[in-house]
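Okay, structure first, notes after.
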Amino acid sequence: MDKKKLAKQLGVIALVIVLFAGLDIGIYRLFIKRVISHHSPGMQKMSVEVGNYVPFTGSENVFSVKDADKLEGDIPTIDGAAALLPIYAGFVESIYPESSVIYNGEDYDPASAMHYTNTRGAYKDIVDGNADIIICAAPSDEQLQYAKDNGVELELVPVGSDAFVFIVNAGNPVDNITIDQIRGIYSGKITNWKELGGKNIPIAAMRRNKNSGSQTALEKIMGDIPIKPDYTALFGSPIGFSFRYYVTGMLGEGGVKILTINGIEPTPETIADGSYPVAGNIYAVYRKGETNENVKKAIDFMLSPEGQKIVEQSGYIPLSQ
Amino acid sequence: MKDKTFIAILAIIMVIGTGVTAGLMIHGYNLWKEISIVEMIANWG
Numbered sequence: 002m003d004k005k006k007l008a009k010q011l012g013v014i015a016l017v018i019v020l021f022a023g024l025d026i027g028i029y030r031l032f033i034k035r036v037i038s039h040h041s042p043g044m045q046k047m048s049v050e051v052g053n054y055v056p057f058t059g060s061e062n063v064f065s066v067k068d069a070d071k072l073e074g075d076i077p078t079i080d081g082a083a084a085l086l087p088i089y090a091g092f093v094e095s096i097y098p099e100s101s102v103i104y105n106g107e108d109y110d111p112a113s114a115m116h117y118t119n120t121r122g123a124y125k126d127i128v129d130g131n132a133d134i135i136i137c138a139a140p141s142d143e144q145l146q147y148a149k150d151n152g153v154e155l156e157l158v159p160v161g162s163d164a165f166v167f168i169v170n171a172g173n174p175v176d177n178i179t180i181d182q183i184r185g186i187y188s189g190k191i192t193n194w195k196e197l198g199g200k201n202i203p204i205a206a207m208r209r210n211k212n213s214g215s216q217t218a219l220e221k222i223m224g225d226i227p228i229k230p231d232y233t234a235l236f237g238s239p240i241g242f243s244f245r246y247y248v249t250g251m252l253g254e255g256g257v258k259i260l261t262i263n264g265i266e267p268t269p270e271t272i273a274d275g276s277y278p279v280a281g282n283i284y285a286v287y288r289k290g291e292t293n294e295n296v297k298k299a300i301d302f303m304l305s306p307e308g309q310k311i312v313e314q315s316g317y318i319p320l321s322q
Numbered sequence: 006m007k008d009k010t011f012i013a014i015l016a017i018i019m020v021i022g023t024g025v026t027a028g029l030m031i032h033g034y035n036l037w038k039e040i041s042i043v044e045m046i047a048n049w050g
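Sequence lines, in order, name chains U and Y.
To convert, count from 1 in the first sequence and add 1; that's my numbering.
To convert, count from 1 in the second sequence and add 5; that's my numbering.
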């Protein structure tokens, strides 16, 4: 009797241990293994590290014009999208006084004329008056509404362009996708890679935060079609999206590949001639009615041949192409 | 095994198990906040 009871008790103990072990292994395999960074810290902020793009530090990643006229007087505060930091770091190094940029080794000082947040933060900052120029992709409807609600009208001046790209794991055999298939995936109508000629694995359709530059770009592709949450995401093979420059820096490290869209690869040529179907403008955004003359001077520089050369050297597509 | 001993062992295992699971979740959440979508896809074979 006692032996039976003991066996039962040991069985319960073993069962509880096995259940916890199974749960923890599942958490590791489905979640933690996928979020371990094999790169540098702070990768969420961007594929390029902020410390590598600080103006006036002699960084080889910042392309600037040495003999451009420097701004004087009321220096406009500039901010922008994470993925576009190389561009505005180059603009700043070219025309801002060195003393106007204060970097403390980890982030920009609040008193610095250059800040670095992200698309969401930058659009809020330009409306709230905490930035005078931001370099970003097109705003979301919500960001435009926020500006309207605060009585601010935004002027958007295109200063370059880049492709919006869809990425998959390098082991995924699918190489191409169509716009209709993208809409099918993110509306929940296409749920398995076999429908795209791939393996019989669910599609894990990854999304970004609302009002991020790339999520806004996806919403523009989707048009009126609602984006549905993907409840099978944990168990599938992923598809995600970003801007070309943001991804290309990572491609050399392996692990991901960019899909062609309608058979077109996103190259500087296909983006510039419009054959790649989802290219988007990069804008210099400022408040309409801005009285600081330096804002106009800075934007004029961005549109000049020297400014456009910075756009190109930084890895994006200049207007002139 | 006495019932009290059994319950005590079970309680210790539950506490340790819950602690490890919670720790894993917190650790994963902290990693998730730092990782880019590109890296996550690269890890997600």
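For every residue, glycine included, the Cβ atom is placed at its ideal position computed from N, Cα and C.
Chain-ordered neighbours of residue i on chain Y, where CB pairs are closer than 7 Å
i: U:Arg-209; result: Ile-42
i: U:Gln-10; result: Met-6 and Phe-11
i: U:Pro-239; result: Ile-46 and Trp-49
i: U:Arg-35; result: Met-45, Asn-48 and Trp-49
i: U:Asp-25; result: Val-25, Thr-26 and Leu-29
i: U:Phe-32; result: Gly-33
i: U:Leu-7; result: Met-6
i: U:Ile-14; result: Ile-14, Leu-15 and Ile-18
i: U:Gly-52; result: By Cβ distance, chain Y contributes nothing, its closest Cβ being about 15 Å from U:Gly-52, past 7 Å.
Beta-carbon spacing of residue i, residue j below 8 Å
i: U:Ala-280; j: U:Ala-164; result: yes
i: U:Leu-260; j: U:Phe-167; result: yes
i: U:Gly-1; j: U:Ser-65; result: Nothing about residue 1 of chain U can be read from this structure; chain U reaches only from 2 to 322.
i: Y:Leu-36; j: U:Ile-28; result: no
i: U:Ala-132; j: U:Thr-78; result: yes
i: U:Tyr-247; j: U:Ala-123; result: no
i: U:Ser-238; j: U:Asn-170; result: yes
i: U:Tyr-284; j: U:Val-160; result: yes
i: U:Gly-228; j: U:Arg-208; result: According to the sequence as given, residue 228 of chain U is Ile; it is not Gly. Result yes, Cβ atoms of U:Ile-228 and U:Arg-208 sit closer than 8 Å.
i: U:Ser-162; j: U:Ile-300; result: no
i: U:Pro-56; j: U:Val-102; result: yes
i: Y:Ile-18; j: U:Ile-136; result: no
i: U:Phe-302; j: U:Ile-96; result: yes
i: U:Arg-35; j: Y:Asn-48; result: yes
i: U:Thr-120; j: U:Asp-126; result: no
i: U:Lys-289; j: U:Glu-154; result: yes
i: U:Gly-241; j: Y:Ile-40; result: no
i: U:Gly-1; j: U:Asn-295; result: Not covered by the structure: residue 1 of chain U. The range shown for chain U is 2 to 322.
Residues that residue i contacts on chain U, provided the C-beta gap is smaller than 7 Å
i: Y:Ile-31; result: Within 7 Å Cβ-Cβ: nothing; Y:Ile-31 doesn't reach chain U, min ~11 Å.
Partner residues on chain Y for residue i, Cβ-Cβ distance less than 9 Å
i: U:Phe-21; result: Ile-18, Met-19, Ile-21, Gly-22, Thr-23, Val-25 and Thr-26
i: U:Tyr-29; result: Leu-29 and Gly-33
i: U:Ser-141; result: Under the 9 Å cutoff, chain Y gives no residues; its nearest Cβ is about 18 Å from U:Ser-141.
i: U:Val-248; result: Val-43
i: U:Ser-243; result: Ser-41, Ile-42 and Val-43
Partners in chain Y for residue i, counting only beta-carbon separations shorter than 8 Å
i: U:Asp-68; result: None at all; the shortest Cβ gap to chain Y is about 36 Å.
* To do: Select from the stretch 262-285 of chain U all residues with a C-beta closer than 8 Å to any C-beta belonging to chain Y, and list them in chain order.
  => The residues in question: there are none.
* the stretch 15-27 of chain Y: positions lying closer than 9 Å to chain U by Cβ -> Going along the stretch 15-27 of chain Y in chain order, one finds Leu-15, Ile-18, Met-19, Ile-21, Gly-22, Thr-23, Val-25 and Thr-26 with a Cβ nearer than 9 Å to chain U.
* Asked: Looking at C-beta atoms only, is the number of pairs between the stretch 211-218 of chain U and the stretch 172-192 of chain U that lie closer than 8 Å three or more?
  -> Per the Cβ contact rule, the stretch 211-218 of chain U is not in contact with the stretch 172-192 of chain U (fewer than 3 Cβ pairs under 8 Å).
* Within the stretch 59-116 of chain U, note down every full alpha helix (DSSP H) run reaching 4 residues or more, in order along the chain. => Complete alpha helix (DSSP H) runs here, min 4: 86-96.
* Asked: What residue ranges within the stretch 138-177 of chain U form continuous beta strand (DSSP E) runs of no fewer than 3 residues, ordered along the chain?
  -> Restricted to the stretch 138-177 of chain U, the beta strand (DSSP E) segments that are unbroken, complete and at least 3 residues in length are 155-170, listed in chain order.
* Looking at C-beta atoms only, is the number of pairs between the stretch 255-274 of chain U and the stretch 105-121 of chain U that lie closer than 8 Å three or more? -> Pairwise C-beta distances place the stretch 255-274 of chain U out of contact with the stretch 105-121 of chain U, as fewer than three of them are shorter than 8 Å.
* Pick out the complete alpha helix (DSSP H) segments inside the stretch 222-271 of chain U, 4 residues or longer, and give them in chain order. => You should have 245-252.
* Taking 8 Å as the threshold, find out whether the stretch 197-206 of chain U comes into contact with the stretch 309-322 of chain U through three or more Cβ pairs. => Short answer: they don't touch.
* To do: Taking a Cβ distance cut-off of 9 Å, strictly less, list which residues of the stretch 181-205 of chain U are near chain Y, in chain order.
  => Hits within the stretch, in order: Ala-205.
* Go through the stretch 287-312 of chain U residue by residue and report every complete run of the alpha helix (DSSP H) that reaches 4 residues or more, in order. => Taking only runs of at least 4 residues, the alpha helix (DSSP H) segments lying wholly in the stretch 287-312 of chain U are 294-304.
* Interfacial residues, the stretch 158-177 of chain U to chain Y, with Cβ spacing under 8 Å -> Residues of the stretch 158-177 of chain U that bring their beta carbon within less than 8 Å of a beta carbon in chain Y comprise Ile-168, Val-169, Asn-170, Ala-171 and Gly-172, in sequence order.
* To do: Check each residue of the stretch 55-80 of chain U: if its Cβ is closer than 8 Å to any Cβ of chain Y, include it; give the result in chain order.
  => Under the 8 Å Cβ criterion, the stretch 55-80 of chain U contributes no residue.
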